[in-house]
Amino acid sequence: MANDLNLERSISNYAVFGNPVKHSKSPRIHSLFAEQTGIKLNYQAIEVPLEKFSEYVSLFSSQGGLGLNITIPFKEEACSICTTLTERARLSGSVNTIRFDKQLNIYGDTTDGQGFINDLTVNNEINLEGKSILILGAGGSVRALLEPLCKQKPDQIVIANRTVSRAEELADKFSELSSIIACAYSDLAGHSFDLIINGTSLSLSGELPAIPETVIKESTCCYDLMYSDVATVFMDWAKQNGAVKVLDGLGMLVEQAAESFLIWHGVKPDTTPVIKTLRSASN
Ligand code: NDP
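Residues in the sequence shown are numbered from 2 upward in steps of one, following my numbering.
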C-alpha cells in the first residue's frame with residue numbers, strides 16, 4: 002500500500018481518483034479555475050489500484066486532502082463509502098465529487114448530470130422543454146444525467162441500449178419524473194428525435210451504436226458525451242446525416258468540474274474562458 006500521497010502540507014489539496022487517470026484534464030481545469038478565482042490549491046490526478054479505492058480515500062483524507070473527484074471505474078464504489086449522499090447521487094447510484102470535513106464525514110455528490118444540462122442549455126442555448134430525446138446507452142453517465150434531464154420537462158425520453166434490460170431498469174426508476182420508454186436499437190426504425198445523446202462507451206473504440214440514420218431529422222441536435230481532440234465517429238455520423246448541431250462532451254467536463262469547484266470553494270467559476278483554452282490547446 003502507498004503510505005504517502007505526497008500532498009503539499011501548506012496548501013489545500015484536491016485530486017481526481019481514477020484508473021487509468023493519466024490523461025485526465027481535471028488538474029488543468031481546476032488550476033485554471035483557481036487562477037481565475039484567486040483560490041490557492043493543489044489538484045492532482047492519482048491512479049488508484051483497482052482493489053484499493055477506499056484505502057486511498059482514507060489515506061487522502063488522513064493526509065489533509067479536502068476533496069476528490071472520482072472517475073472511471075470508481076463512481077459506483079464511491080457511493081458506497083460516503084457517509085452522506087445528496088439526493089441526486091443517491092438516485093443515480095454514482096458519486097463524482099467527495100468533500101471531507103473535520104469530523105471525517107464523507108459527503109458524496111454527482112455533478113455530471115448538472116454539468117451536461119449546463120452545457121446544453123446555457124452554453125449551447127438548447128431548450129429541452131417539449132422536446133423528444135433519444136439516449137443511446139444505459140450506463141453510469143446516463144444514469145447520472147436522467148434526473149436533471151427530466152427536470153427540463155421534455156415531451157418524451159427514449160433510452161435505447163444493447164442490453165435492453167438495463168434501459169428498462171432506468172426507465173422504471175425515473176418513470177415518475179418524465180415519460181420514459183426503453184427499447185433496443187432495432188426498435189428505432191421509423192422514429193426521429195430533437196436531441197440524440199450518445200452515452201455509450203463505443204466512441205472510445207471508434208465504433209457506432211447500430212442505429213438507423215433516420216433517427217436524425219432537420220432540427221436534430223446530437224451530443225456525444227465523450228470528448229477527444231478530434232471529432233468522434235458518432236459526431237462524424239451525425240454531421241453526415243444532417244444534424245443541425247453536433248456537440249462533444251468537453252463542455253460537460255468543464256461544467257461538471259465547475260459544479261465540483263462550487264461545492265468545495267463556494268464559488269462558481271466562469272466556464273467559458275476555460276472551455277476556450279482547452280479547445281485551443283487541442284487544435
Ligand atoms: P458505462 O461503462 O457505465 O456504460 C457503457 C455503455 O455503453 C452501456 O450502455 C453499454 O451497453 C454500452 N456499450 C459498451 N460497449 C458496447 C458495444 N460493443 N455495443 C453496444 N453498446 C455498448 O460507461 P459510462 O456511462 O461511464 O461512460 C459512457 C461515455 O460517457 C464514455 O464515452 C465516457 O467517456 C463518457 N463520459 C463523459 C463525461 C464528460 O464529462 N464529458 C463524464 C462521464 C462519462 P450495455 O449496457 O449493453 O453493456
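No residue lacks a Cβ here, since even glycine has one placed at the ideal position from N, Cα and C.
| Item | Value |
| --- | --- |
| The ligand NDP and L254: does any heavy atom of the ligand fall closer than 8 Å to the residue's C-beta? | yes |
| Would you say G243 and N125 are within 9 Å of each other, going by their C-beta atoms? | no |
| Could you tell me the boundaries of the beta strand (DSSP E) in which R1 lies? | Missing from the structure shown is residue 1; the chain here goes from 2 to 284 and no further. |
| Note down, one range per segment and in chain order, each alpha helix (DSSP H) of at least 4 residues found wholly within the stretch 116 to 199. | 141 to 151, 165 to 174 |
| Quick check: does the Cβ of L8 come within less than 8 Å of any heavy atom belonging to the ligand NDP? | no |
| Using 8 Å as the cut-off, can you tell me whether the stretch 39 to 52 makes contact with the stretch 8 to 15, which would need three or more C-beta pairs spanning the two stretches below that distance? | yes |
| What do you get for G200, buried or exposed, if any count of 16 or more other CB atoms within 10 angstroms of its CB means buried? | buried |
| Does at least one heavy atom of the ligand NDP sit under 8 Å from the Cβ of S202? | yes |
| Less than 7 Å between C-beta atoms, sequence neighbours within five positions excluded: which residues of the same chain meet that for N106? | T84, T85 |
| Is the CB-CB distance between I198 and I134 below 9 Å? | yes |
| Under a Cβ-count criterion, where at least 16 other Cβ atoms within 10 Å of its own Cβ denotes burial, should D271 be classed as buried or exposed? | exposed |
| When every heavy atom of the ligand NDP is checked, does at least one fall within less than 8 Å of the C-beta of L33? | no |
| Taking buried to mean at least 16 other C-beta atoms within 10 Å of its own C-beta, is S25 buried or exposed? | buried |
| Would you mind reading off the limits of the alpha helix (DSSP H) that contains R1? | This structure does not reach residue 1, given that the chain is present from 2 up to 284, and the question cannot be answered. |
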